[in-house]
Amino acid sequence: MRLRGRKNIRESLEQQPDLVVLEPHKLKGRWHEFFGNDQPIHIECGMGKGQFISRMSANNPGINYIGMDIYDELLRRGSEKARALWKEEKGLDEVPNLALVRGNVEELELMFEPGELERIYLNFSDPWPKSKHARRRLTHPRFLMKYKYVLSDIGEIHFKTDSLSLFEFSLNSFSDIEIQMRNISLDLHRHGVRHDLVLTEYETKFVAQGMPIYRLEAVIGAKVRDQHRLVVAQDLAEQSRRADAKEPSPVVDPEPAD
C-alpha cells in the first residue's frame, strides 16, 4: 500500500501518547496499566483507516481496543477519526478505551504476554493470492500459532474477507491445527446489511457493489470452546429426545443465518 502522508506525521503521533503507541514492546504485560482498568482487550490486526476500531470503541466502552498497523499515516488518520467520533458522540476530547499501535503481526508475541488478549479481528487482510506468498497470509498456521499464544482461555478470532480463495485457505488452516469454527458465512449480508455488526471501509464499499462477504469466528480459548461444545451436545441430545418421543420440532420464525 502506498500512502501519501502529511509532513511531520511522526511528530504528530509522538504528541498523542494517550492514544498512539509507537513502541508497543515496552507495554508487554502492562496493557491494562496503559488503559487504567482491567477490561478485556480486543485487537484489530491491520486497522486500515480506523473506521472499524473507532466505531467499536465508541459502541463498547466496557472493552479496551487496540488498532494495529505498520503505517504512520494510517495511525494519523485513525487518530483523527477516533477523536472526531468520540467528540461528536460522547462530548470527550480523549478516547479512553482505544490505543492505536504501530506494529507488525510478525512480532505479536513481543508485544503481548500469553493470555493478554481476548479477541483478534482480521478484517479484509491482504489475500496474497500467489502460492509462493502463502506464508504471508494472516490466517496461515504460523500466524494462528501466534494468536493462540497471546489469546486468553476465552479467546476468539473474528475473520472477514471479500476473497473466496483466502476464505477457503483459512478454513483449511483453522482445520489443520484443529481450531474450532462457528458462525461461518459465505455471504454475510445476503439478507440485507447486518447492522448488528460494525462494517469496515472496504466492507461498506463491497456491500454497495453487491459483493459477498465471507466471515467466520474461530474459537481459541478452552473455556469458550468447551462452552460451545456443551451447547451443541445439549442441542443434539434434545433432538434425539424429540425423535425418540416422536415430538415435532419447535416452530420458530426463520431468521437470516450467517
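Numbers 3 to 260, taken from this note's numbering, label the letters of the sequence shown in order. We treat Cβ as the ideally placed atom computed from N, Cα and C, and that holds for glycine.
List the endpoints of the continuous alpha helix (DSSP H) containing residue i.
i, result
"R12", "I11 to E16"
"E90", "D74 to K92"
"E203", "E203 to A210"
"K162", "Unbroken run through K162 is the beta strand (DSSP E), L153 to T163; no alpha helix (DSSP H)."
"I55", "Q53 to N61"
"E109", "Per DSSP, E109 belongs to no alpha helix (DSSP H) and is neither H nor E."
Return the chain-ordered list of same chain residues with a C-beta closer than 8 Å to the C-beta of residue i, the five sequence neighbours on each side being excluded.
i, result
"R57", "L87 and V200"
"A136", "W130, H142 and F171"
"H230", "Because the pLDDT of H230 is 48, which lies under 50, any placement of that residue in the model is unreliable, and the number read from its coordinates should be weighed accordingly. Excluding residues within five positions, the ones whose Cβ falls inside 8 Å are Q182, R184 and V221."
What are the residues that DSSP puts in a beta bridge with residue i?
i, result
"Q182", "V221"
"P69", "A small correction: the amino acid at residue 69 is Gly; Pro does not occupy that position in the sequence shown. According to DSSP, which records beta bridges pairwise, G69 is partnered with E46 and L102."
"K30", "Paired residues: none, contrary to the question."
"V23", "V103"
"S187", "R217"
Leaving out five residues on either side along the sequence, give the residues of the same chain with a beta carbon under 6 Å from the beta carbon of residue i.
i, result
"W130", "R138 and R139"
"G117", "S154"
"P214", "D189"
"F169", "T163 and Y216"
"I55", "E46, M49, Y67 and G69"
Using C-beta distances below 7 Å, list every residue in its chain close to residue i, excluding the 5 sequence neighbours before and after it, in chain order.
i, result
"R79", "K51 and G52"
"L77", "L15, V22, D71, L102 and R104"
Assign residue i to one of two classes, buried (16 or more other C-beta atoms within 10 Å of its C-beta) or exposed (fewer than that).
i, result
"L124", "buried"
"R121", "buried"
"S167", "exposed"
"H44", "buried"
"P26", "buried"
"A247", "exposed"
"G48", "buried"
"V195", "exposed"
"N10", "exposed"
"K148", "buried"
"A101", "buried"
"T202", "buried"
"E108", "exposed"
"V254", "Note that V254 scores a pLDDT of 43, beneath 50, so its modelled location is shaky and nothing firm can be said."
"E46", "buried"
"H197", "exposed"
"I179", "exposed"
"A84", "buried"
"A210", "exposed"
Span of the beta strand (DSSP E) holding residue i?
i, result
"L119", "L119 to N125"
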